[in-house]
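**Student:** So that we are looking at the same thing, I have put the structure below in structure tokens.
2 protein chains.
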Amino acid sequence: MEPIFCGTSPIVGFRFSMHPMSDNFIRILKTALAETDTSNVWMQTDDVSTVIRGKQHHVFNVAKALVLHAAKTKEHIALSGTFSIGCPGDSAGDNYLEVEDELANTDPASQYVSSQFALYPMNNPDYMAVIYREVERAKAHGVWNDSMHYASGIHGDIHEVFKFYEESFTQARTDEHPHLVMTVSMSINSPSHIGGQHA
Amino acid sequence: MEPIFCGTSPIVGFRFSMHPMSDNFIRILKTALAETDTSNVWMQTDDVSTVIRGKQHHVFNVAKALVLHAAKTKEHIALSGTFSIGCPGDSAGDNYLEVEDELANTDPASQYVSSQFALYPMNNPDYMAVIYREVERAKAHGVWNDSMHYASGIHGDIHEVFKFYEESFTQARTDEHPHLVMTVSMSINSPSHIGGQHA
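Protein chains in written order, with this note's numbering: chain G, 1 to 199; chain V, 1 to 199.
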């Protein structure tokens, strides 16, 4: 089979699962969804995860708003997901690229987030240099927490954390290497964070 | 910065988070951990995730046992994680490569698992062909569920699902392209699965 090169689509996708560690998990998820304006992204939920697709800044905006609204319940919330762009096997549909640029969710409420991320620049021989550069970017942004096997720890206020993630997701790809994957795991209102004992 | 090529380490790692959707999440996690024999893997937990490292078959064995023991509570359990091998930036330590080959966890109990996975063969120009081939392997194993943006649905009994994941993780890498990443998300005892309504 010949390698496939294209992946020039501007569609950003985020496939994620959000998990409230609570008997009320269904209500918490439904409430967070109802309080988030998702009109600028295409969205589909199945029994394992949810995917949102659209313009990059709308995808990050909706992801952040969903986490923020769920966090306001004060329950322990976890989120794991994968941001993706430029996959040669991706389809052109389900994209919502025609919407306006204005962000739909603008709640400025603060929320401490502890998270971990990993970048996978696909088909890029220089990918390790890209990864090391983005870790340095996290340190420069003041959101770097710790190094660890297979990931880097990123923490701080939710708005700073998501700002870094979106910038890193932009900087870690090029026209020559447009297929980029970024995994993110977050822990919010964790018992481990009580009393300022942030990891 | 020059690209770095090595990644010949046989250490397999799995960084994951397991989330019981229950007020008793701490007790469920601690019980699953106590019932799983983790003596063959190096393990570390922080406020966001847990990582296990060692020989491939022990890493998959421990991961499966943790999920199986948590599932026995009948609570809704979610797991998201990343299997990784051959990262040029990986360190040689924390590996437990000297242990015996005999598997430590052999509970044959059945458990339906719905999951999704994605393969990321790093620095491999032919990576899309590898991915398509592994989707065909899932169909041949009878565990393929559905295609979707950014992932493939894999379901069935937990033992068949993990058997496929371990085989795919072996087949999707080569000596020439040893750095492989595989993301997996699982949903167990989901309200969506009640009454045989498996997605």
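From the three backbone atoms N, C-alpha and C, an ideal C-beta is built for every residue, glycine too.
Which residue comes first and which comes last in the alpha helix (DSSP H) that contains A63 (chain V)?
**Tutor:** Element bounds for A63 (chain V): Q56 to A71.
**Student:** Can D107 (chain G) and A65 (chain G) be called in contact, C-beta distance under 8 Å?
**Tutor:** In this structure, A65 (chain G) lies closer than 8 Å to D107 (chain G) by Cβ.
**Student:** If the criterion is Cβ atoms closer than 8 Å, does the pair L29 (chain V) and H57 (chain V) meet it?
**Tutor:** For L29 (chain V) and H57 (chain V), no; Cβs fall outside 8 Å.
**Student:** Which residue or residues does DSSP assign as beta-bridge partners of I188 (chain V)?
**Tutor:** Paired residue(s): V:I77.
**Student:** Mapping the DSSP letters down to three states, classify Q171 (chain V) as helix, strand or coil.
**Tutor:** The answer is helix: DSSP assigns Q171 (chain V) an H, G or I state.
**Student:** When the Cα atoms are used, what is the spatial distance from P88 (chain V) to M128 (chain G)?
**Tutor:** Looking at the two C-alpha atoms, the distance is approximately 8 Å.
**Student:** Given this structure, state the Cα-to-Cα distance separating M21 (chain G) from A78 (chain G), to the nearest angstrom.
**Tutor:** The straight-line gap from Cα to Cα measures roughly 8 Å.
**Student:** In terms of residues, what are the limits of the alpha helix (DSSP H) holding Y132 (chain V)?
**Tutor:** Y132 (chain V) -> alpha helix (DSSP H) spans Y127 to H141.
**Student:** Let me know the secondary structure DSSP gives I208 (chain G) once reduced to three states.
**Tutor:** Outside the shown range of chain G, which is 1 to 199, sits residue 208 (chain G), and nothing can be said about it.
**Student:** Measuring only between beta-carbons, confirm whether S110 (chain G) sits less than 8 Å from chain V.
**Tutor:** No, S110 (chain G) does not count as interfacial toward chain V.
**Student:** Helix, strand or coil for Y120 (chain G)? Go by DSSP, reduced to three states.
**Tutor:** Strand at Y120 (chain G).
**Student:** Could you name the residues of chain V that A215 (chain G) contacts, counting a contact when the two beta carbons are closer than 9 Å?
**Tutor:** Outside the displayed span of chain G (1 to 199) sits residue 215 (chain G), for which this structure offers no information.
**Student:** With DSSP run on the structure shown, which of helix, strand or coil describes H159 (chain V)?
**Tutor:** DSSP places H159 (chain V) in helix when its eight states are reduced to three.
**Student:** Could you tell me which residues DSSP puts in a beta bridge with D90 (chain G)?
**Tutor:** Paired residues: none, contrary to the question.
**Student:** Mind listing the chain G neighbours of S114 (chain V)? Cutoff is C-beta to C-beta under 9 Å, in chain order.
**Tutor:** The contacting residues are D46, D47 and V48.
**Student:** Mind listing the chain G neighbours of R53 (chain V)? Cutoff is C-beta to C-beta under 7 Å, in chain order.
**Tutor:** By Cβ distance, chain G contributes H149.
**Student:** Could you tell me which chain V residues have their CB closer than 8 Å to the CB of Y165 (chain G), listed as they occur along the chain?
**Tutor:** Neighbours of Y165 (chain G) on chain V: none; closest Cβ ~14 Å, over 8 Å.
**Student:** How big is the Cα-Cα spacing for Q44 (chain G) and Y150 (chain V)?
**Tutor:** One C-alpha to the other measures close to 13 Å.
**Student:** Using only CA atoms, which one of V:V135, V:T50, V:M18 and V:G13 lies nearest to S91 (chain V)?
**Tutor:** The shortest C-alpha separation from S91 (chain V) is found at V:G13.
**Student:** Would you report the Cα separation of T170 (chain G) and A109 (chain V), rounded to the nearest angstrom?
**Tutor:** Whole-angstrom Cα-Cα distance: 45 Å.
**Student:** Could you have a look at I104 (chain G) and say whether DSSP puts it in helix, strand or coil?
**Tutor:** Before going on, a small fix: residue 104 (chain G) reads as Ala here, not Ile. In the structure shown, A104 (chain G) sits in coil (DSSP, three-state: anything other than H, G, I, E or B).
**Student:** Relative to the C-alpha of V130 (chain G), which residue among G:T82, G:G142 and G:M182 is closest?
**Tutor:** For V130 (chain G), the nearest C-alpha among the options comes from G:M182.
**Student:** Got a sec, what are the start and stop residues for the beta strand (DSSP E) T45 (chain G) sits in?
**Tutor:** Start and end: W42 to T45.
**Student:** Contact defined as beta carbons within less than 8 Å: I believe I154 (chain V) pairs with S115 (chain V). What is the distance between those atoms, to the nearest angstrom?
**Tutor:** Indeed, because the Cβ distance is near 5 Å, the residues count as touching under 8 Å.
**Student:** Can you find a C-beta in chain G that's less than 8 Å from the C-beta of G89 (chain V)?
**Tutor:** Closer than 8 Å to some Cβ of chain G, the Cβ of G89 (chain V) qualifies, so yes.
**Student:** Please decide whether G196 (chain G) counts as near chain V, where near means a Cβ-Cβ distance under 8 Å.
**Tutor:** Legend: pLDDT at G196 (chain G) = 49, less than 50; position of this residue unreliable, no value from coordinates given.
**Student:** What does P20 (chain G) touch in chain V if you count any residue whose Cβ is under 9 Å from its own?
**Tutor:** What P20 (chain G) touches in chain V: H19 and M21.
**Student:** Considering just the uninterrupted stretch of the alpha helix (DSSP H) at L33 (chain V), what are its terminal residues?
**Tutor:** Counting along the chain, the alpha helix (DSSP H) containing L33 (chain V) begins and ends at F25 to E35.
**Student:** Nearest by alpha-carbon distance to V62 (chain V): which of V:A70, V:K163, V:D37 and V:V51 is it?
**Tutor:** Checked all of V:A70, V:K163, V:D37 and V:V51; the closest Cα to V62 (chain V) is V:D37.
**Student:** So is R15 (chain V) buried or exposed if we call it buried at 16+ other beta carbons inside 10 Å?
**Tutor:** With 16 or more Cβ atoms within 10 Å of its Cβ, R15 (chain V) is classed as buried.
**Student:** Can you pull the chain V neighbours of H193 (chain G), defined as C-beta to C-beta under 9 Å?
**Tutor:** Chain V residues near H193 (chain G): D47.
**Student:** Return the chain-ordered list of same chain residues with a C-beta closer than 8 Å to the C-beta of R173 (chain V), the five sequence neighbours on each side being excluded.
**Tutor:** So the list reads I85, G86, P121, H179 and L180, once near-sequence residues are dropped.
**Student:** When the Cα of K139 (chain V) is compared with those of V:V51, V:S168 and V:D101, which residue comes out closest?
**Tutor:** The candidate whose alpha carbon is nearest that of K139 (chain V) is V:S168.
**Student:** Taking just the CA atoms, how far does N40 (chain G) sit from I188 (chain V)?
**Tutor:** Cα to Cα, I188 (chain V) sits roughly 31 Å from N40 (chain G).
**Student:** Note down, in chain order, each residue of its chain lying with its Cβ closer than 8 Å to the Cβ of E100 (chain G), except the 5 sequence neighbours on either side.
**Tutor:** Contacts found: N40.
**Student:** Using 8 Å as the threshold, is the C-beta distance between K55 (chain V) and L97 (chain V) below it?
**Tutor:** Contact: yes.
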